[in-house]
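The numbering of the sequence shown is the working numbering, which starts it at 472 and goes up by one.
Yeah, the Cβ is synthetic: ideal placement off N, Cα and C, and Gly gets one too.
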Amino acid sequence: MTTTDAPRHSILHAGLLPLQAVAWAGTVAGFFFVPQAAVVGWAHFARLMAALYLLFQLLICVEWAFAVNATLLDKDWGAVLVAGTALFAAGGCAGVGLLAWRYAPRGGCSLNAGLIALVALLGVAMALLSVTEARPPAAGLFTAASLWAYLVYVAWTALASLPPSARCYPSSAPTPAGLRVASLVVTLAALGYTALSSAASGVAAVSLSGDAKGDPDAARPSFFHGVFACAACYVAMIFTAWEMHPASIQAAVVDVGWAPFWLKAATVLVGGALYCFAMVAPALFPGRDFS
Numbered sequence: 472m473t474t475t476d477a478p479r480h481s482i483l484h485a486g487l488l489p490l491q492a493v494a495w496a497g498t499v500a501g502f503f504f505v506p507q508a509a510v511v512g513w514a515h516f517a518r519l520m521a522a523l524y525l526l527f528q529l530l531i532c533v534e535w536a537f538a539v540n541a542t543l544l545d546k547d548w549g550a551v552l553v554a555g556t557a558l559f560a561a562g563g564c565a566g567v568g569l570l571a572w573r574y575a576p577r578g579g580c581s582l583n584a585g586l587i588a589l590v591a592l593l594g595v596a597m598a599l600l601s602v603t604e605a606r607p608p609a610a611g612l613f614t615a616a617s618l619w620a621y622l623v624y625v626a627w628t629a630l631a632s633l634p635p636s637a638r639c640y641p642s643s644a645p646t647p648a649g650l651r652v653a654s655l656v657v658t659l660a661a662l663g664y665t666a667l668s669s670a671a672s673g674v675a676a677v678s679l680s681g682d683a684k685g686d687p688d689a690a691r692p693s694f695f696h697g698v699f700a701c702a703a704c705y706v707a708m709i710f711t712a713w714e715m716h717p718a719s720i721q722a723a724v725v726d727v728g729w730a731p732f733w734l735k736a737a738t739v740l741v742g743g744a745l746y747c748f749a750m751v752a753p754a755l756f757p758g759r760d761f762s
């Protein structure tokens, strides 16, 4: 494996492991002596980095959808492509129906119904734009269906983050603690996969053609650590329910509150807008080559 950073950065990344362990332990221990005001300031910074991580996660999903679609087309695996498209589309439709049944069972649930309607309309727009002649070569119904299914999942996590004081909060019992723990484990696994994938591929620029650019074996230590730092901040925000002050954190439930709800709802909108823009980019910028 080669590196795209300077050799000295590579040594700091892959070598000097005993010193790295000492530095990590010292950082963890030293944080217990940080003044309260500095901790609150760091919490605001972690909020920003956590939001940035969600953007990385969206880029990874877009990149994955284009890459898989291009691979299936190159191998002429039409049956697999159709089956995958149908599976993601059916899952997304079922998810929207379940969200409407659980979180918008009656009139007056305007906030919940608005988010559910948004993700449904995004699915229609993404599908229509994916079959136009202006779309990138590697785009198609599979890319639209797979990314839409992910956005439906994000919408579900947003609605699951609603605080009990929210209007139209589900009348059934809250999610059992065991299921919340299982959901957290799945989230941590997704965080690790996303961080590793983005660090390995360097998704600073997503190839709309589905072709890899540059050296696919090149490691980027600085990008690797940057993505993992953002992921760590995101995990910290999940555990503290995106709260800033100790009194609020003690009363908070993991990943429940208005802050995580609005951030995830915004992620749905940004994700759909990002994909739609990718579909019309060749028409908006005819001078660029998207083949």
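>> Quick test of the definition: if touching needs 3 or more C-beta pairs under 8 Å, does the region 591–601 touch the region 614–624?
In response: yes
> Between I709 and G758, what straight-line distance do the alpha-carbon atoms span, to the nearest angstrom?
Replying inline: 43 Å
>> Out of S581, A536 and Y624, which one is the CA nearest neighbour of A637?
In response: S581
>> Could you tell me the alpha carbon to alpha carbon distance between F695 and G743, rounded to whole angstroms?
In response: 26 Å
> Hey, how far is the Cα of E604 from the Cα of A610?
Replying inline: 10 Å
> Which runs of the alpha helix (DSSP H) fall wholly inside the region 501–547 and span at least 4 residues, in chain order?
Replying inline: 507–545
>> Across the region 573–587 and the region 504–522, are there enough close Cβ pairs to call them in contact, namely three or more that are closer than 8 Å?
In response: no
> Does the distance from the CB of G563 to the CB of W627 come in under 8 Å?
Replying inline: no
> Going straight from the alpha carbon of L544 to that of L570, what length do you get?
Replying inline: 33 Å
> Do the CB positions of V625 and A591 come within less than 8 Å of each other?
Replying inline: no
>> Only counting the same chain, and skipping five residues up and downstream in sequence, which positions put a Cβ closer than 7 Å to that of Y621?
In response: C532
>> Going by DSSP in three states, Y621 sits in which element: helix, strand or coil?
In response: helix
> Which residues in the same chain have their Cβ closer than 8 Å to the Cβ of L529, if we skip the five residues on either side of it in sequence?
Replying inline: T738, V741, G742 and L745
> A629 and F527: beta carbons closer than 8 Å?
Replying inline: no
>> Can you find the residues in the same chain that come closer than 7 Å, C-beta to C-beta, to C747, ignoring five residues on each side of it along the sequence?
In response: A596, M597 and L600
>> Give me, in chain order, the residues of the same chain whose beta-carbon lies closer than 8 Å to that of Y705; leave out the 5 immediate sequence neighbours on both sides.
In response: M520, A521, Y524, L525 and L662
> Which term fits G728, buried or exposed, when burial requires 16 or more other beta carbons within 10 angstroms of its beta carbon?
Replying inline: buried
> DSSP on G728, reduced to helix/strand/coil?
Replying inline: coil
> Excluding five sequence neighbours on each side, which residues of the same chain lie with their C-beta closer than 8 Å to the C-beta of L551?
Replying inline: Reading off the sequence shown, one finds Val at residue 551, where the question assumed Leu. L543, listed in sequence order.
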